[in-house]
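> Protein chains in written order, with UniProt numbering: chain R, 1 to 345; chain P, 1 to 345. We put the CB at the ideal spot given by N, CA and C, even for glycine. As the structure is a computational prediction, the values presented were derived from the model and not from experiment.
(1) So, using beta-carbon positions, are residue 237 of chain R and residue 62 of chain P closer together than 9 angstroms?
(2) Please list, in chain order, all residues of the same chain as residue 57 of chain P whose beta carbon is under 8 angstroms from its beta carbon, the five residues on each side excluded.
(3) Looking at C-beta atoms only, is the number of pairs between the segment 131 to 139 of chain R and the segment 90 to 108 of chain R that lie closer than 8 angstroms three or more?
(4) Kindly say whether residue 344 of chain P, judged by its beta-carbon, lies nearer than 9 angstroms to any beta-carbon of chain R.
(5) From the DSSP output, read off the bridge partner residues of residue 328 of chain P.
(6) Can you round the beta-carbon distance between residue 89 of chain R and residue 5 of chain R to whole angstroms, since I take them to be within the 8 angstroms contact cut?
(7) Starting from residue 249 of chain R, follow the alpha helix (DSSP H) in both directions and report where the run begins and ends.
(8) Give the secondary structure of residue 295 of chain R by DSSP, where H, G and I count as helix, E and B as strand, and everything else as coil.
(9) Under the DSSP definition of a beta bridge, which residues are partnered with residue 129 of chain R?
(10) Which chain P residues are close to residue 374 of chain R, counting only those with a beta carbon under 7 angstroms from its beta carbon?
(11) Taking CB distances under 9 angstroms as the criterion, tell me whether residue 139 of chain R reaches chain P.
(12) When you compare the CB of residue 265 of chain P with every CB in chain R, is at least one pair closer than 9 angstroms?
(13) If distances are taken between C-alpha atoms only, which option among P:283, P:54, P:310 comes closest to residue 129 of chain P?
(14) Can you tell me the Cα-Cα spacing of residue 214 of chain R and residue 256 of chain P, whole angstroms?
(15) Under 9 angstroms between the Cβ atoms of residue 145 of chain P and residue 28 of chain P?
(16) If you count every other CB in all the chains shown that lies within 10 Å of the CB of residue 73 of chain P, and 16 or more means buried, which is it?
(17) Given this structure, state the Cα-to-Cα distance separating residue 178 of chain P from residue 258 of chain P, to the nearest angstrom.
(18) Please tell me whether residue 174 of chain P and residue 161 of chain P are closer than 9 angstroms, where the distance is taken between their beta carbons.
(19) May I ask you to verify whether the segment 8 to 23 of chain R touches the segment 37 to 52 of chain R, counting CB pairs closer than 8 angstroms and requiring at least 3?
(20) In or out: residue 198 of chain R buried (at least 16 other Cβ within 10 Å) or exposed?
(21) Specify, as a first and last residue, the run of the beta strand (DSSP E) that residue 282 of chain R falls within.
(22) At which residues does the alpha helix (DSSP H) containing residue 21 of chain P begin and terminate?
(23) Within its chain, find whatever has a CB closer than 6 angstroms to the CB of residue 291 of chain R; leave out the 5 residues flanking it on each side and keep chain order.
(24) Cα-Cα, which of P:191, P:107, P:212 is closest to residue 132 of chain P?
(25) How is residue 12 of chain R classed by DSSP in three states: helix, strand or coil?
(26) For chain R, is any of its Cβ atoms less than 9 angstroms away from the one on residue 298 of chain P?
(27) Quick one: what does DSSP say residue 37 of chain R is sitting in, helix, strand or coil?
(28) Determine, using beta carbons only, whether residue 178 of chain R comes closer than 9 angstroms to chain P.
(29) How big is the Cα-Cα spacing for residue 118 of chain R and residue 150 of chain R?
(30) Closer than 7 angstroms by beta-carbon distance: list the chain P residues that pair up with residue 127 of chain R, in chain order.
(31) Name the two residues that bound the continuous beta strand (DSSP E) containing residue 215 of chain R.
Structure, rendered in structure tokens:
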């Protein structure tokens, strides 16, 4: 049995979607859920569900982290649902934790309470995004704003391990997000990272440009957290804006309204595919434990998916795999460095 | 009469679209065009058009810059259509130049031959992008990959002047692209740029997140060239991928095909609105002259639009306005610096 701690109070539609998502996920025989938050509010949704006894329990915590609270304030507070949920993992009373609340605070608290893995300099946020061929992993999606080449290399190793665990792949194609395919295109950090990745043991396919990421040529797209967060949010905003523009155009022509009615089921299914709140949240890679950050606007289904991903990653102990793969990276780096020293001496 | 030099040989569909675009633009009574490139090839399109005498002339140049040529090679070559077209502006024989060819080479050659404006540290590429409320200017879209806060401040001043000239606006809303709205969110450069912009005389509305740029709350969105280029290309790629995904969904449902037929005119008109090859290219800001880089895949219509924008910007002598606005910036900066020195002393 895998115990998953859910911050019941985090997110724009909390606690409702978190509880409903937890109820759905609890139908999985391997999953047990601990909802952390205000008992009264949570019980409103659970009172008629005696069937869930033993599957869902409540850890009563009165306070919660505000969505706009600064990270430094959130860290100092002792009794928030987010903190207590993470502590359940720290103390071994849960195997994974997730929250749709303040993502900066979730990142910082996970790092603070669970600690970094050995060999990791900077933990990263990995998100799963849709492409024409399925999905790709983008990282870092916002944890580290100013990155060195070595950090990008670490992200690549972590993304590689995550892709293998999530999609059962054997040799994911790793690409570096840049402004041209040639090794000479990019900024200081990416140009150096290109060199490091080229001499790594990863299946590095080179630089990838922004226009190509959604066509599925890469399985893992590596970038710094500033760029990654902007890409993620540009994608989110553009998809929404495009659908609005399209609808506006459609309703302006005579046959448009009827035509739109006819394709509506397709638009609905399309929206689900591109709405990454459906994808079960972003995993924190490089943390000594399984911690997932969900989109603030997550639906109950998104929470359910996130709980399932959390359970799967906890079961596979992905964080241990990551630690091992980074150990391996150290070896490679060591030998490259020795080689470079040889060349320069 | 405004003379516009067009690199006839630049771009994926050269010389055809360049010549057809020039012919369309030549119907404007104020515009005269010099097509620079292989006379034989150009004349194929012009031979039956005696009506264009005096409106379109040809400067025969045999060589051209390859799309994949490195900038350093392109710069060294003496007789390319791109170089000769820019030289026409340098020598005062044309008021503006445009090319849909190798954009890195066009940027470098324009800078080299026309020179930087006084007060400008780094010229920038400014692109016009569609939003739900109309358009916004994004800069830098790829000229400068590693930027300091001072460069971002200069981009803001240049974008401000460009928006005023292009859209006849009086006080464009300037925003800084970042990963959160608060002043404390961002990387080293944007956090410092936020401070500089806050104390500038610009209508600075603060940080803007990636998801909001397409909703039209800012008129000018400022970022470094690495981020800008990625945003531009993510936008381009995502729009294309989304339309493909939508079409795939639509053709999978029974009523879909018919419905799609009915909304097709709307999709066509929508595509035009979001296809920024329609927007007349990207202006190089900070160069001592008017130089426009068009998308490699520009259509004849895009070239026509770019020629018109080139003529308008040349007529308004936008580069002089930019130089003046930066002079003004220097004054502001000077007084801010004195103020800061006062505070720290």
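In brief:
(1) The sequence position of residue 237 of chain R within the first chain is 237, counting from 1. The sequence position of residue 62 of chain P within the second chain is 62, counting from 1. Contact flag unset, no.
(2) Taking the second chain and counting its residues from 1, the one referred to as residue 57 of chain P is at position 57. Cβ within range, chain order: 32, 33, 34, 35.
(3) no
(4) Residue 344 of chain P sits at position 344 when you count from the first residue of the second chain. Below a pLDDT of 50, predicted positions are generally treated as unreliable, and residue 344 of chain P, at 45, falls in that range; the measurement from the model is reported next regardless. No, no contact with chain R.
(5) Against the second chain, residue 328 of chain P aligns to sequence position 328. DSSP lists no partner for residue 328 of chain P.
(6) If you number the first chain from 1, residue 89 of chain R lands on position 89. If you number the first chain from 1, residue 5 of chain R lands on position 5. The pair is a contact, with the Cβ atoms about 6 angstroms apart (cut-off 8 angstroms).
(7) Indexing the first chain from 1 puts residue 249 of chain R at position 249. Start and end: 225 to 250.
(8) One-based indexing of the first chain puts residue 295 of chain R at position 295. Coil at residue 295 of chain R, not helix or strand.
(9) Residue numbering aside, residue 129 of chain R sits at position 129 when the first chain is read from its first letter. Paired residues: R:136.
(10) Lying outside 1 to 345, the shown extent of chain R, residue 374 of chain R is not represented and no answer is given.
(11) As a first step, residue 139 of chain R must be located in the first chain, where it is residue number 139. So no, residue 139 of chain R is outside the interface.
(12) In the second chain, counting from the first residue as 1, residue 265 of chain P sits at position 265. By this cut-off, residue 265 of chain P is an interface position.
(13) On the second chain, position 129 is the one that residue 129 of chain P refers to. Checking every option, the nearest Cα to that of residue 129 of chain P belongs to P:283.
(14) The residue you call residue 214 of chain R lines up with position 214 of the first chain. The residue you call residue 256 of chain P lines up with position 256 of the second chain. Roughly 24 angstroms between the two C-alpha positions.
(15) On the second chain, position 145 is the one that residue 145 of chain P refers to. On the second chain, position 28 is the one that residue 28 of chain P refers to. Not a contact, by the Cβ cut-off of 9 angstroms.
(16) As a first step, residue 73 of chain P must be located in the second chain, where it is residue number 73. It is exposed - the Cβ of residue 73 of chain P has fewer than 16 other Cβ atoms within 10 Å.
(17) Counting from one through the second chain, the residue named residue 178 of chain P turns up at place 178. Counting from one through the second chain, the residue named residue 258 of chain P turns up at place 258. The straight-line gap from Cα to Cα measures roughly 43 angstroms.
(18) Position 174 of the second chain, counted from the first residue, corresponds to residue 174 of chain P. Position 161 of the second chain, counted from the first residue, corresponds to residue 161 of chain P. No; because the gap between Cβ atoms is not below 9 angstroms, this pair is not in contact.
(19) yes
(20) Taking the first chain and counting its residues from 1, the one referred to as residue 198 of chain R is at position 198. That one is exposed.
(21) Residue numbering aside, residue 282 of chain R sits at position 282 when the first chain is read from its first letter. Its beta strand (DSSP E) spans residues 282 to 285.
(22) As a working note, residue 21 of chain P is residue 21 in the second chain. Unbroken alpha helix (DSSP H) run through residue 21 of chain P: 16 to 25.
(23) Against the first chain, residue 291 of chain R aligns to sequence position 291. Only 97, 110, 284 meet the Cβ criterion.
(24) Here residue 132 of chain P corresponds to residue number 132 of the second chain, with the count starting at 1. Considering only alpha carbons, the answer is P:212.
(25) Against the first chain, residue 12 of chain R aligns to sequence position 12. Residue state, collapsed to three classes: coil.
(26) Your numbering for residue 298 of chain P matches position 298 in the second chain. By this cut-off, residue 298 of chain P is not an interface position.
(27) For the purposes of this step, residue 37 of chain R is identified with residue 37 of the first chain, where counting begins at 1. In the structure shown, residue 37 of chain R sits in a strand (DSSP, three-state: E or B).
(28) Numbered from 1 along the first chain, position 178 holds the residue referred to as residue 178 of chain R. Closer than 9 angstroms: yes.
(29) Translated into the one-based positions of the first chain, residue 118 of chain R becomes position 118. Translated into the one-based positions of the first chain, residue 150 of chain R becomes position 150. Distance between the alpha carbons of residue 118 of chain R and residue 150 of chain R: 15 angstroms.
(30) Residue numbering aside, residue 127 of chain R sits at position 127 when the first chain is read from its first letter. Those within 7 angstroms of residue 127 of chain R in chain P number zero; the least Cβ separation is about 13 angstroms.
(31) In the first chain, counting from the first residue as 1, residue 215 of chain R sits at position 215. Where residue 215 of chain R is concerned, there is no enclosing beta strand (DSSP E), given that its DSSP letter is neither H nor E.
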